[in-house]
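Trainee:
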Amino acid sequence: MTSQAKTRPLFDPPLVKQAVIDSLRKLDPRHQIRNPVMFTVLVGAVMTLLLFVQAVAGQGEAPAGFILAISLWLWFTVIFANFAEAMAEGRGKAQADTLRKSRQSTFAKVLVDQKYVPGKTKRPSGVVADGQVEPYISDDLKKEMIVLVESGEIIPLDGEVIEGVASVDESAITGESAPVIRESGGDRSAVTGGTRVLSDWIIIRITANPGETFLDRMISLVEGAKRQKTPNEIALNILLAVMTIVFLIVTATLLPYSLFTVTTLGRGSVVTLTVLAALFVCLAPTTIGGLLSAIGIAGMDRMIQANVIAMSGRAVEAAGDVDVLLLDKTGTITLGNRQATEFIPAPGVRQEELADAAQLSSLADETPEGRSIVALAKTKYGLRGREIHDRNPQFIPFSAQTRMSGVDLDHLQIRKGAMDTIERFVISHRGHLPAEVRDHVFHIAKQGGTPLVVARNEKVLGTIFLKDIVKGGIRERFAQLRNMGIKTVMITGDNPLTAASIAAEAGVDDFLAEATPEAKLKLIRQHQEGGRLVAMCGDGTNDAPALAQADVAVAMNTGTQAAKEAGNMVDLDSNPTKLIEVVEIGKQLLMTRGSLTTFSIANDVSKYFAIIPAAFVGTYPALSNLNIMGLTTPQSAILSAVIFNAVVIIFLIPLALRGVHYRPAKAQNLLVRNLLVYGLGGLIAPFIGIKLIDMLLAALHLV
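Position in the sequence shown counted from 1, then plus 16, gives you the numbering used here.
#1: In chain order, what are the residue ranges of uninterrupted beta strand (DSSP E) at least 3 long that sit wholly in the region 581-662?
#2: Is the distance from the Cβ of Asp555 to the Cβ of Gly575 below 8 Å?
#3: Using the rule of at least 16 other Cβ atoms within 10 Å of the residue's Cβ for burial, across every protein chain shown, is Lys462 buried or exposed?
#4: Quick one: what's got a C-beta closer than 6 Å to Thr437's C-beta in the same chain, skipping five residues either side?
#5: How about the region 634-647 and the region 362-372: do they share at least three Cβ pairs that are nearer than 8 Å?
#6: With 16 other CB atoms within 10 Å as the buried threshold, where does His456 fall?
#7: Tell me, please, which residues DSSP counts as bridged to Arg198.
#8: How is the beta strand (DSSP E) around Asp424 delimited, first residue to last?
#9: For the region 678-697 and the region 607-616, state whether three or more C-beta atom pairs, one from each stretch, are separated by less than 8 Å.
#10: Closer than 6 Å by C-beta to Ala331: which residues in its own chain qualify, once you throw out the five before and the five after it? Chain order, please.
#11: What residues in its chain sit with their C-beta under 7 Å from that of Pro140, if we drop five residues either side in the sequence?
#12: DSSP has Tyr152 in a bridge; who is on the other side?
#13: Helix, strand or coil for Met161? Go by DSSP, reduced to three states.
#14: Return the CA-CA distance between Leu292 and Pro79, expressed in angstroms with no decimal places.
#15: Quick check on this structure: which residue in Lys483, Lys475, Phe441 and Arg204 has the alpha carbon closest to the alpha carbon of Ile460?
#16: Distance, Cα to Cα, Leu671 vs Glu249?
#17: Can you tell me the Cα-Cα spacing of Leu43 and Glu600, whole angstroms?
#18: Would you call the region 311-318 and the region 90-107 in contact, with 3 or more CB pairs under 8 Å?
#19: Would you kindly report the start and end of the unbroken beta strand (DSSP E) that includes Pro361?
#20: Ends of the beta strand (DSSP E) at Met572?
#21: Please classify Tyr678 as buried or exposed, where buried requires at least 16 neighbouring CB atoms within 10 angstroms.
#22: Does the separation of the CB atoms of Ile490 and Ile659 fall below 8 Å?
#23: Return the chain-ordered ranges of every alpha helix (DSSP H) run that is complete within the region 242-300 and spans a minimum of 4 residues.
#24: Tell me the residue span of the beta strand (DSSP E) that contains Gly554.
#25: Might you give, ordered along the chain, the residues of its own chain that have their beta carbon closer than 7 Å to the beta carbon of Gly60, omitting 5 neighbours on each side?
#26: Look at the alpha carbon of Ile430 and the alpha carbon of Ala471, and state the distance between them as a whole number of angstroms.
#27: Alpha carbons only, please: which of Asn643, Arg493, Pro361 and Ala97 is nearest the one belonging to Pro629?
#28: Three or more C-beta pairs closer than 8 Å, one from the region 92-101 and one from the region 40-59: is that the case here?
#29: Please classify Val390 as buried or exposed, where buried requires at least 16 neighbouring CB atoms within 10 angstroms.
#30: Closest by CA to Ala322, which one among Val598, Leu696 and Pro512?
#31: Count the other C-beta atoms from every protein chain shown that fall within 10 angstroms of the C-beta of Lys623, then say buried if there are 16 or more, exposed otherwise.
#32: Under the assumption that Met506 contacts Ala515 (Cβ atoms under 8 Å), give the Cβ distance between them as a whole number of angstroms.
#33: Does DSSP classify Gly210 as helix, strand or coil?
#34: Whole angstroms are fine: how far does the CA of Met645 sit from the CA of Ala571?
#35: Verify whether the separation of the beta carbon atoms of Ser154 and Ala124 is less than 8 Å.
#36: Please report whether the beta-carbon of Met585 lies at a distance below 8 Å from any beta-carbon of chain E.
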């Protein structure tokens, strides 16, 4: 998402204006019926409005002004609840509109003859011949078509890079200005439609039809109106509906009971329908009922602000209960490619001599490892601008058969490769492998690194230390997860020795080495059978089965299409430790729902002291002794309670949208804090609020 979307004010004027309009549209009974609590309030509002019309006609059960005031505040209660939902939806729709602007129809260069022969030059003309490219509009593209995208052009649809390497600007999708590299093979081959190629060229295979792209799915997902309710939310809705039915039955039975009492005693007044409607609205859990939908939508909205696209509200909710996190090592915990970190010379060889030979043998090596060797020699020993063309260089590319690469310069043959391969090479030149070099190789392997030996003719010059580079700051992030009660497990295809070394450096709690897709799947199922909720971060096709099984599956946006399809979340920043934010947002969602439910129930208990004595004082005069708030009149007490019941929803909207602030703590401590802040606060707030409203009504002579 863009930074503008992230910093959008909570009550942005355009959003508020649209939310007001939407809150009126949502008065449609077909919409209100989805929320049983607010539907009954709507019925009460309609009923009291009809009673007002009857009172104006001279047959009212109470003064017309009093009935109208109650009716208006019941309407406002429904509208305020609709406003909260519309505000949450509006934030998502605003972000969806931002994404729509990044989606555009564009021309695409489709390769007519898909059996092209990739060239070795860096110019696209070396890749395809004249007549092989046919122009298409992106909306007419189909899956499996092969498309050439050059520097400065827009990638038309989602795809997989099958040839070439290019720098791509994905800021339209992620909001991050730094370009990313996309290349064929590996786990960084997925490209997203609507992003721009900044340099070089790539040939992609289209993996989605128009209207089915990742951007299209993002747009539909960030629109809160399309959010599906989670199991916990459905369960809470059922509970609220049951409570509403119970209070509805209780309220309905009070009228005949009041009528019987007045008839029997021959004195007092029967409670009116207007008062009973007000009583029901104050008894029913209208506060949480009005905010429940907004809480769920806002949870997904906060996930989007963290640059994570959640495919469902269920995933956001499950994130709040995660206690085991599995992370793929390559590209997730480490940078993804092994890098040269040290040159270790053989006895009698200077480091500069080894670095010079290592760099020469890697000049034509376009692998990330080869480029890192060249870069290390440059930065550490200043070896730049090698002029070797006059020495008739013959570069030897790496192959699976030789397991080494290098260069021939005049009479010199420089090679780098695995120890056993280089040993055979120097023996063929009547040399030998020094015991010290053999020890260096075993020491590097024991540390979890990859050793490459460098030789020149019959002489072994030393060893290059290649290692997985753990991403910066990741150890501290894992410590945070541990404090949150989440166990971290690294899964990798490396041998146990290498896995143990990386696990110790990264600071994970456990690791699974030599992990096949089946082993990852088995590990997740074992944790789930033990009653744990499992989160999985991954980016490769081999992670897809495990991502599909995990309760919370975060796929990296830089990963393959298969990984993104299998996950129920996509991290646009491709940051594996983003799960910390994901878990915090999930916990925020659960805590916000729990806190506001606690506040709502406590709130209702306090309102009983205001409205029940006032509602039945005409039938039972002795109930005036329960007017502990000292409210002015029974009508003032009832109206004040109804007004407070409506206004409190507005005051709680910011909390519903922003969420309760999360701090790592034990469940017992969180429960105590919840009861003290929202339970006790819910009990006290009505006493203060209703009394202030009553004083205001009395001062204005409205009752």
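Glycine is no exception: its CB is placed at the ideal position from the N, C-alpha and C atoms.
Mentor: With the given structure in hand:
#1: 585-587
#2: yes
#3: exposed
#4: Arg419 and Met420
#5: no
#6: buried
#7: Ala182
#8: Met420 to Leu425
#9: yes
#10: Val568, Asn584 and Met585
#11: At Pro140, the pLDDT of 49 sits below 50, so the modelled position is not reliable and the matter cannot be decided from this model.
#12: Ala124
#13: coil
#14: 15 Å
#15: Lys483
#16: 17 Å
#17: 34 Å
#18: yes
#19: Gln355 to Pro361
#20: Val568 to Met572
#21: buried
#22: no
#23: 247-281 and 289-299
#24: Val550 to Gly554
#25: Leu90, Ala293, Phe296 and Val297
#26: 6 Å
#27: Asn643
#28: yes
#29: buried
#30: Val598
#31: buried
#32: 7 Å
#33: coil
#34: 56 Å
#35: yes
#36: Judged by its chain identifiers, the structure shown contains no chain E, having just a single protein chain.
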